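Heads up: the structure comes next, in C-alpha cells.
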Amino acid sequence: MKRCGFKVRSKKGARGQADDEQSKMIRGLWLELADRGVVQNRSEEALGAFVKRMTHVDALEWLSSAQASRVIEHLKKWRDRTTEAV
11 MKRCGFKVRS KKGARGQADD EQSKMIRGLW LELADRGVVQ NRSEEALGAF
61 VKRMTHVDAL EWLSSAQASR VIEHLKKWRD RTTEAV
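Per our numbering, residue 11 is the first one in the sequence shown, and the count goes up by one each step.
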C-alpha cells in the first residue's frame, strides 16, 4: 500500500486529562475516597462515569465551573460522611 502512495498514520492516543484546578480537586477527592476504600474503582473511567451520572456531561474537561463545584461539594460531603463513620 505504501508503494501506491498511501501514508501511514499513527493512531490517536487517549484523550488527555483535564488539568484545570477544579478537575484536579475532583480527581484528588476521588483518589482519596479510593484510598479509604469507599470507591472500589479508582480509574479515570470510573471517575468519568460518576461525573456523567451527576452532571450528564460526558467528560470532566467539559464541565462548567458550576457543575465542577457541585461535583466537588458532593465528593467532600461523601468524604466527610465516611470519616464520621470510621
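From the three backbone atoms N, C-alpha and C, an ideal C-beta is built for every residue, glycine too.
Please read all numbers here as calculations on a predicted model, not as lab measurements.
For residue i, name the three-state secondary structure that DSSP assigns.
i, result
"A56", "helix"
"V48", "coil"
"S75", "helix"
"D90", "helix"
"Q32", "helix"
"V67", "coil"
"K17", "coil"
Between residue i and the rest of its own chain, which residues show a CB-CB distance below 8 Å, the 5 nearest in sequence each way excluded?
i, result
"I82", "Q32, M35, I36 and L39"
Measure the CB-CB distance between residue i and residue j and report whether it falls below 7 Å.
i, j, result
"Q77", "T65", "yes"
Quick one: residues in its chain with C-beta nearer than 6 Å to the C-beta of residue i, no 5 flanking neighbours on either side, listed in chain order?
i, result
"V48", "T92"
Can you check which of these residues, the options, is closest to residue i by C-alpha distance?
i, options, result
"S74", "G15, V61 and D90", "V61"
"D90", "V67, S53, L43 and A69", "L43"
"L57", "R80, K87 and L41", "L41"
"L70", "A28, R19, G15 and R52", "A28"
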